[in-house]
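Visitor: Quick one: structure below, then a few questions.
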Amino acid sequence: MKITMIGTGYVGLVSGTCFANAGNEVTCLDVDQSKIDMLNRGDIPIYEPGLEELVSKNVAATRLRFTTDYAQAIASAQVVFICVGTPQDHDGSADLKFVRSAAEQMAPHLASGTVVVCKSTVPIGTNRQVRGWIEKLTETTFYSASNPEFLKEGVAIDDFTHPDRVVVGVDEQAAADLLEELYQPFLSDSQPFISMGIESAEMVKYTANCVLATKISFINEMANLCELIGADINDVRQGIGHDQRIGFSFFQPGVGYGGSCFPKDVRALSSIAGQHGFNTRILKSVDETNTQQKSVLFQKLLDHFDCDLAGRTVAIWGLAFKPETDDIREAPALVLIDHLLDIGAKVRVHDPVAMENVKALYGDRIAYCQEQYETCQGAEALCILTEWDQYRKANYQAACSLMKSPVILDGRNLFDPESMAALGIEYEGIGLLKQVKEIRQPVQQIQ
Ligand SMILES: NC(=O)c1ccc[n+]([C@@H]2O[C@H](COP(=O)([O-])OP(=O)(O)OC[C@H]3O[C@@H](n4cnc5c(N)ncnc54)[C@H](O)[C@@H]3O)[C@@H](O)[C@H]2O)c1
Numbered sequence: 110m111k112i113t114m115i116g117t118g119y120v121g122l123v124s125g126t127c128f129a130n131a132g133n134e135v136t137c138l139d140v141d142q143s144k145i146d147m148l149n150r151g152d153i154p155i156y157e158p159g160l161e162e163l164v165s166k167n168v169a170a171t172r173l174r175f176t177t178d179y180a181q182a183i184a185s186a187q188v189v190f191i192c193v194g195t196p197q198d199h200d201g202s203a204d205l206k207f208v209r210s211a212a213e214q215m216a217p218h219l220a221s222g223t224v225v226v227c228k229s230t231v232p233i234g235t236n237r238q239v240r241g242w243i244e245k246l247t248e249t250t251f252y253s254a255s256n257p258e259f260l261k262e263g264v265a266i267d268d269f270t271h272p273d274r275v276v277v278g279v280d281e282q283a284a285a286d287l288l289e290e291l292y293q294p295f296l297s298d299s300q301p302f303i304s305m306g307i308e309s310a311e312m313v314k315y316t317a318n319c320v321l322a323t324k325i326s327f328i329n330e331m332a333n334l335c336e337l338i339g340a341d342i343n344d345v346r347q348g349i350g351h352d353q354r355i356g357f358s359f360f361q362p363g364v365g366y367g368g369s370c371f372p373k374d375v376r377a378l379s380s381i382a383g384q385h386g387f388n389t390r391i392l393k394s395v396d397e398t399n400t401q402q403k404s405v406l407f408q409k410l411l412d413h414f415d416c417d418l419a420g421r422t423v424a425i426w427g428l429a430f431k432p433e434t435d436d437i438r439e440a441p442a443l444v445l446i447d448h449l450l451d452i453g454a455k456v457r458v459h460d461p462v463a464m465e466n467v468k469a470l471y472g473d474r475i476a477y478c479q480e481q482y483e484t485c486q487g488a489e490a491l492c493i494l495t496e497w498d499q500y501r502k503a504n505y506q507a508a509c510s511l512m513k514s515p516v517i518l519d520g521r522n523l524f525d526p527e528s529m530a531a532l533g534i535e536y537e538g539i540g541l542l543k544q545v546k547e548i549r550q551p552v553q554q555i556q
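To convert a position in the sequence shown, counted from 1, into the numbering used here, add 109.
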């Protein structure tokens, strides 16, 4: 099948490459000339495990190409996927300017019978708006479809090729049939193709992200409460997670969710509801809880140093919003860096792949260390923000030997506090019992 992906970012590049690898002829189109030049040189503009090899294999097989030329990319396509960004607007709603521009630029070149699919996460009703924008500029007949994307950065290729399900929203069965044929290599009995109305498909994506964000904010709230009442969130997780109605997934406490999807999608759905006169109390709380959670390590630093952080050096391991990506959009690490700079602390950072993106934001206001232990030199505390595997496996005695004081604040609960204490390290996680030892003391004395 001849396919064009409009927008060659995390979604467009990964899904386009996977479609090409399944034997389709794929053109990836972007307005960013430098991105397309990079791809045509064989370089990959984002970090995504396995993507470089898959791109070069499919470029060599002439199934995958990159361009900025709409006329060339659209005219021969049977299916056009819109995969452009839908960032948050100033009022929390989704900004559709990239979607509109993609629709208007493709319109004059569309061939009759093309299926125009919106893969970007868009507010309910957007696919109909896209149809309207295109129809103003062409008389060609075409199909519209919504096909929300569920891939996760860091494991995007596996997610795309082994989806839990593929969801499409259509008005006409012909469009659903073509898309089912396209997705056939990735489907199985347990990985179904689910076809529904366009509005329902648009709502599926927001609902899915909002459920996941809610789970994260919920467990973070429970973890914060555990710290106050002398309970341990790890024990609580075990106690609830084995209940098959609850499970463990997305119930890992931490420093809050970030990335390009959850924060903006929670706010966008609230905004959509508001436009219909409906107040989404749960979603607003989820967002508020998450915003506060991003400051939880800074609060712990303030508590630890009696609010005296000016001039102290703090090391940070992990800048990306999650492991296996260089994406720093809405990353909790940025909130911590901002707090520390505001209060006059010195910041030394490390991340295996996201450092260049952070450098573009902070320049020489913080120190970038190519080697993770180097960040600890002279630091009075080490904060762990992203659960990269190399931080799980790090030699913490070696790290602490370089520090002025062996203090580790772990925003991802990577370690057992007792083992850290045995190494002579002052260790705090999120919602862990060690922090309330003094509360348990009287009980032990009575026994
Ligand atoms: N990143 C994820 O993990 C993920 C997962 C599922 C869904 N989504 C959704 O998919 C959409 C895309 O996300 P992303 O992370 O891939 O975005 P991105 O910012 O990485 O990529 C978007 C690309 O679109 C290009 N673009 C903008 N306007 C254009 C136009 N008129 N014509 C051609 N190209 C244009 C940009 O230059 C950019 O390269 C968003 O709606 C997002 O919410 C993202």
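Ideal placement from N, C-alpha and C gives every residue a C-beta, glycine not left out.
(1) Taking the alpha carbon of S253 as the reference point, which residue from F190, Q197, T247, Q293 has its own alpha carbon closest?
(2) With hydrogens ignored, establish whether the beta-carbon of C509 is closer than 8 angstroms to any heavy atom of ligand 1.
(3) Inspect the beta-carbon positions of C335 and T230 and report whether they are closer than 9 angstroms.
(4) Give a single yes or no on whether G368 has its beta carbon closer than 8 angstroms to a heavy atom of ligand 1.
(5) If you follow the beta strand (DSSP E) that G420 is part of, which residue opens it and which one closes it?
(6) Within 10 angstroms of the Cβ of I112, are there 16 or more other Cβ atoms? Answer buried if so, exposed if not.
(7) Suppose you measure from the CA of I342 to the CA of A530; what does that come to, to the nearest Å?
(8) Tell me which residues share the same chain as V123 and place their Cβ nearer than 7 angstroms to its Cβ, disregarding the 5 neighbours each side in the sequence.
(9) Given a cut-off of 9 angstroms on the beta-carbon distance, is the pair A131 and F295 in contact?
(10) According to DSSP, simplified to helix, strand and coil, what is R549?
(11) Taking the alpha helix (DSSP H) that F371 belongs to, which residues open and close that run?
(12) Would you call the stretch 317-330 in contact with the stretch 282-292, where contact means no fewer than 3 C-beta pairs closer than 8 angstroms?
(13) Under 8 angstroms: does the beta carbon of P257 sit that close to some heavy atom of ligand 1?
(14) Measuring straight from C-alpha to C-alpha, what distance separates G538 and G420?
(15) Locate the alpha helix (DSSP H) running through A490, then write down its first and last residues.
(16) Within a Cβ cutoff of 7 angstroms, which residues of the same chain sit near L445, ignoring the five residues on either side of it in sequence?
(17) Tell me whether F207 sits in a helix, a strand or coil according to DSSP, three-state version.
(18) Might you give, ordered along the chain, the residues of its own chain that have their beta carbon closer than 6 angstroms to the beta carbon of Q553, omitting 5 neighbours on each side?
(19) When the Cα atoms are used, what is the spatial distance from Q214 to I391?
(20) Could you please give me the residues that DSSP links to Q197 through a beta bridge?
(21) Do G367 and V403 come within 9 angstroms of each other at the CB atom, strictly closer than that value?
(22) Given 8 angstroms as the limit, tell me if E262 has its C-beta closer than that to any heavy atom belonging to ligand 1.
(23) Would you say the beta carbon of K144 comes nearer than 8 angstroms to a heavy atom of ligand 2?
(24) According to the Cβ coordinates, are V225 and F251 closer than 9 angstroms?
(25) Does H459 pass the burial test, meaning 16 or more other C-beta atoms within 10 Å, or should it be called exposed?
(26) Relative to the C-alpha of E483, which candidate in A463, V423, G278, F175 has its C-alpha closest?
(27) What residue from D204, E244, R237, L205 has the CA that sits closest to A220's CA?
(28) When DSSP labels each residue in this structure, what does F357 get in the three-state scheme?
(29) Mind checking who E535 pairs with in its DSSP beta bridge?
(30) Which term fits K455, buried or exposed, when burial requires 16 or more other beta carbons within 10 angstroms of its beta carbon?
(31) Going straight from the alpha carbon of F360 to that of A377, what length do you get?
(32) Return the bridge partner residues of S304 from the DSSP annotation.
(33) CA-CA distance, L148 and N236?
(34) Look at the alpha carbon of L246 and the alpha carbon of C192, and state the distance between them as a whole number of angstroms.
(35) Would you give the residue range spanned by the beta strand (DSSP E) that F190 belongs to?
(36) R174: which of M312, E527, G125 sits nearest, CA to CA?
Guide: Taking the structure as given:
(1) Within the sequence shown, numbered from 1, the residue matching residue 253 stands at position 144. Selected option, being the one with the closest Cα: F190.
(2) Here residue 509 corresponds to residue number 400 of the sequence shown, with the count starting at 1. No, Cβ of C509 sits at least 8 angstroms from all heavy atoms of ligand 1.
(3) Numbered from its first residue, the sequence shown carries residue 335 at position 226. Numbered from its first residue, the sequence shown carries residue 230 at position 121. Not a contact, by the Cβ cut-off of 9 angstroms.
(4) Working through the sequence shown from its first residue, we reach residue 368 at position 259. Correct: G368 has its Cβ closer than 8 angstroms to ligand 1.
(5) Here residue 420 refers to the residue found at position 311 of the sequence shown. Where G420 is concerned, there is no enclosing beta strand (DSSP E), given that its DSSP letter is neither H nor E.
(6) One-based indexing of the sequence shown puts residue 112 at position 3. Under this definition I112 is a buried residue.
(7) For the purposes of this step, residue 342 is identified with residue 233 of the sequence shown, where counting begins at 1. For the purposes of this step, residue 530 is identified with residue 421 of the sequence shown, where counting begins at 1. One C-alpha to the other measures close to 18 angstroms.
(8) As a first step, residue 123 is located in the sequence shown; it is residue number 14 there, counting from the start. Here the set comprises E157, L160, L260, A265, I266, F269.
(9) Translated into the one-based positions of the sequence shown, residue 131 becomes position 22. Translated into the one-based positions of the sequence shown, residue 295 becomes position 186. For A131 and F295, yes; Cβs fall inside 9 angstroms.
(10) Counting from 1 along the sequence shown, the entry for residue 549 is found at position 440. Because the pLDDT at R549 is just 37, under 50, the model does not fix this residue reliably, and the point stays unresolved.
(11) One-based indexing of the sequence shown puts residue 371 at position 262. Note, F371: alpha helix (DSSP H), 371-384.
(12) no
(13) Your numbering for residue 257 matches position 148 in the sequence shown. Under cutoff, so the answer is yes.
(14) For the purposes of this step, residue 538 is taken as residue 429 along the sequence shown, with counting starting at 1. For the purposes of this step, residue 420 is taken as residue 311 along the sequence shown, with counting starting at 1. Between G538 and G420, the C-alpha separation is close to 24 angstroms.
(15) Within the sequence shown, numbered from 1, the residue matching residue 490 stands at position 381. Looking at the DSSP string, A490 is not in any alpha helix (DSSP H); the run it does join, the beta strand (DSSP E), is 490-493.
(16) Here residue 445 is taken as the residue at index 336 of the sequence shown, counted from 1. Only L406, F407, I425, C492, L494 meet the Cβ criterion.
(17) Position 98 of the sequence shown holds residue 207. DSSP places F207 in helix when its eight states are reduced to three.
(18) Counted from its first residue, the sequence shown places residue 553 at position 444. Reliability fails at Q553, whose pLDDT of 39 lies under 50, so the model's placement of it is uncertain and the value that follows must be treated cautiously. Cβ within range, chain order: n/a, list empty.
(19) Taking the first residue of the sequence shown as 1, we reach residue 214 at position 105. Taking the first residue of the sequence shown as 1, we reach residue 391 at position 282. Straight-line Cα distance between these residues: approximately 38 angstroms.
(20) Along the sequence shown, read from residue 1 onward, the residue named residue 197 stands at position 88. Looking at the DSSP assignment, Q197 forms a beta bridge with A203.
(21) Sequence index remark: in the sequence shown, residue 403 carries index 294 (1-based). Sequence index remark: in the sequence shown, residue 367 carries index 258 (1-based). Residue identity check: residue 403 is Lys in the sequence provided, not Val. Yes; because the gap between Cβ atoms is below 9 angstroms, this pair is in contact.
(22) Within the sequence shown, the letter at position 153 stands for residue 262. Yes, since a heavy atom of ligand 1 falls inside the 8 angstroms radius drawn around the Cβ of E262.
(23) Absence of ligand 2 from the depicted structure is noted, with ligand 1 being the only ligands included.
(24) The count along the sequence shown starts at 1 and reaches residue 225 at position 116. The count along the sequence shown starts at 1 and reaches residue 251 at position 142. Yes, they are a contact pair.
(25) Residue mapping note: residue 459 aligns to position 350 of the sequence shown, counting from 1. Buried is the call here.
(26) Against the sequence shown, residue 483 aligns to sequence position 374. Of A463, V423, G278, F175, the residue nearest in Cα terms is V423.
(27) Numbered from its first residue, the sequence shown carries residue 220 at position 111. Nearest C-alpha to A220: E244.
(28) Stepping through the sequence shown from its first residue, residue 357 is reached at position 248. Three-state result, F357: coil.
(29) Here residue 535 refers to the residue found at position 426 when the sequence shown is read from its first residue. Looking at the DSSP assignment, E535 forms a beta bridge with V516.
(30) Reading the sequence shown from its first residue, position 346 is the one you call residue 455. Result: buried.
(31) For the purposes of this step, residue 360 is taken as the residue at position 251 of the sequence shown. For the purposes of this step, residue 377 is taken as the residue at position 268 of the sequence shown. Near 23 angstroms, if we compare the C-alpha coordinates of A377 and F360.
(32) Counting from 1 along the sequence shown, the entry for residue 304 is found at position 195. Partner(s): V277.
(33) Taking the first residue of the sequence shown as position 1, residue 148 is located at position 39. Taking the first residue of the sequence shown as position 1, residue 236 is located at position 127. Rounded to whole angstroms, L148 to N236 spans 29 angstroms at the Cα level.
(34) The residue labelled residue 246 in the question sits at position 137 within the sequence shown. The residue labelled residue 192 in the question sits at position 83 within the sequence shown. About 20 angstroms.
(35) Position 81 of the sequence shown holds residue 190. Unbroken beta strand (DSSP E) run through F190: 188-191.
(36) Counted from its first residue, the sequence shown places residue 174 at position 65. Per the Cα distances, G125.
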